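Novice: This structure is in C-alpha cells; I'll ask about it shortly.
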Amino acid sequence: MTETLPGDMPDDVDQCVQQVLETACRQEIMIATAESCTGGLLASLLTDITGCSHAFERGFVTYTNDAKNEMLGVPPALLEDPGPVSEEVARAMAEGAIANSRAHLSISITGFAGPAGPDDEPGLVHFAMARKGLPTRHRVEHFGDLGRGGVRLECVRTALSMLRAELEGVGGTRQTVPQTS
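Read in my numbering, the sequence shown has 1349 at position 59, and its numbers run on one by one without any break.
Printed below as a string of C-alpha cells:
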C-alpha cells in the first residue's frame, strides 16, 4: 500500500516555497535538487508557484545507488561505505547536482523515510547544500518513525528552511544553517 501525504501541503510549507522562489528570482539564482527518500517531492513543490518556477533549474531523483552514481557521480566506494544514508553521500549528491546542472545552489536529501533494514533508523535523514564557490554544508536530522509521509514532509520543511536561510544570506554575510557535522 502506498503512503502519501494527506491532502494539501500545510500553509507553512506553501509560504516557505513562495519565499524561497521569490528570493531566488530576485537574486537570479537557479536551484537544483538531488533527492532520494523524498522521491522528487521538493522538486515538485519548487515548480508549483506561477511566475517563479524559472528559479528551479532541475531535479535529480536518485533513489537507487546506481542512479546516485550515474546521475550525480557519487563514487561507488562511498555508496558501499559509509553507505547511501550518510553525510559523505549527501555532500557528494549536492556537489554532483551543481556539477551536472546550470544551478547556482543545490540541496540534497538522503535518508530512511520508513523502516528499511534491521539496523536502519527510521527518520534518519542527511541534507547537504552546495553553492558554487563556497564549502558544501551538511545537516542531519532524526525525525523518528513518523511514517513515510510524515518524514517526507519534515524533509521538505528542513530543505526549504535551509534554502531560505542560504538565500537570505546573499549580499551580506552567509547566514548560518544549523549543522551537526
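Even for Gly, the Cβ is constructed at its ideal location relative to N, Cα and C.
Keep in mind that this is a model prediction, so the values were computed, not measured.
With a CB to CB cut of under 7 Å and the five nearest residues on each side skipped, what residues in its chain are close to S1391?
Specialist: Position 101 of the sequence shown, counting from 1, holds the residue named residue 1391. A1322, E1347, R1348.
Novice: Expressed to the nearest angstrom, what Euclidean distance is found between the alpha-carbon atoms of I1388 and G1423?
Specialist: Walking along the sequence shown from the start, residue 1388 turns up at place 98. Walking along the sequence shown from the start, residue 1423 turns up at place 133. Cα to Cα, the separation comes out at about 11 Å.
Novice: On the DSSP bridge list, what partners appear for L1424?
Specialist: Stepping through the sequence shown from its first residue, residue 1424 is reached at position 134. Bridge partners of L1424: R1421.
Novice: On a Cα-Cα basis, can you pick out the residue from I1319, R1427, E1325, A1314 that is closest to I1399?
Specialist: As a working mapping, residue 1399 is identified with position 109 in the sequence shown. Ranking I1319, R1427, E1325, A1314 by Cα distance to I1399 puts E1325 first.
Novice: F1350 bridges to which residues according to DSSP?
Specialist: As a first step, residue 1350 must be located in the sequence shown, where it is residue number 60. Beta-bridge pairing links F1350 to A1324.
Novice: Spatial neighbours of A1367 within its chain, please: C-beta separation below 7 Å, excluding the five flanking residues on both sides.
Specialist: Taking the sequence shown and counting its residues from 1, the one referred to as residue 1367 is at position 77. Cβ within range, chain order: n/a, list empty.
Novice: I want to know whether the region 1398-1414 touches the region 1374-1383 - three or more CB-CB distances under 8 Å.
Specialist: yes
Novice: What does the alpha-carbon distance come out to for the pair D1301 and T1448?
Specialist: Within the sequence shown, numbered from 1, the residue matching residue 1301 stands at position 11. Within the sequence shown, numbered from 1, the residue matching residue 1448 stands at position 158. Cα to Cα, the separation comes out at about 15 Å.
Novice: Output the distance between the C-alpha atoms of G1330 and Y1353, rounded to the nearest integer angstrom.
Specialist: For the purposes of this step, residue 1330 is identified with residue 40 of the sequence shown, where counting begins at 1. For the purposes of this step, residue 1353 is identified with residue 63 of the sequence shown, where counting begins at 1. Cα to Cα, G1330 sits roughly 10 Å from Y1353.
Novice: Out of E1456, L1457, L1443, which one is the CA nearest neighbour of T1328?
Specialist: Position 38 of the sequence shown, counted from the start, is the residue given in the question as residue 1328. It is L1443.
Novice: Counting along the chain, where does the beta strand (DSSP E) carrying S1396 start and finish?
Specialist: Here residue 1396 refers to the residue found at position 106 of the sequence shown. Unbroken beta strand (DSSP E) run through S1396: 1395-1401.
Novice: Residues in its own chain within less than 8 Å of M1291 by CB, not counting five upstream and five downstream?
Specialist: Here residue 1291 refers to the residue found at position 1 of the sequence shown. Legend: pLDDT at M1291 = 45, less than 50; position of this residue unreliable, value from coordinates given subsequently. Excluding residues within five positions, none has a Cβ falling inside 8 Å.
Novice: Quick check: what's the CA-CA separation for G1440 versus E1318?
Specialist: Reading the sequence shown from its first residue, position 150 is the one you call residue 1440. Reading the sequence shown from its first residue, position 28 is the one you call residue 1318. Rounded to the nearest angstrom, the two C-alpha atoms are 32 Å apart.
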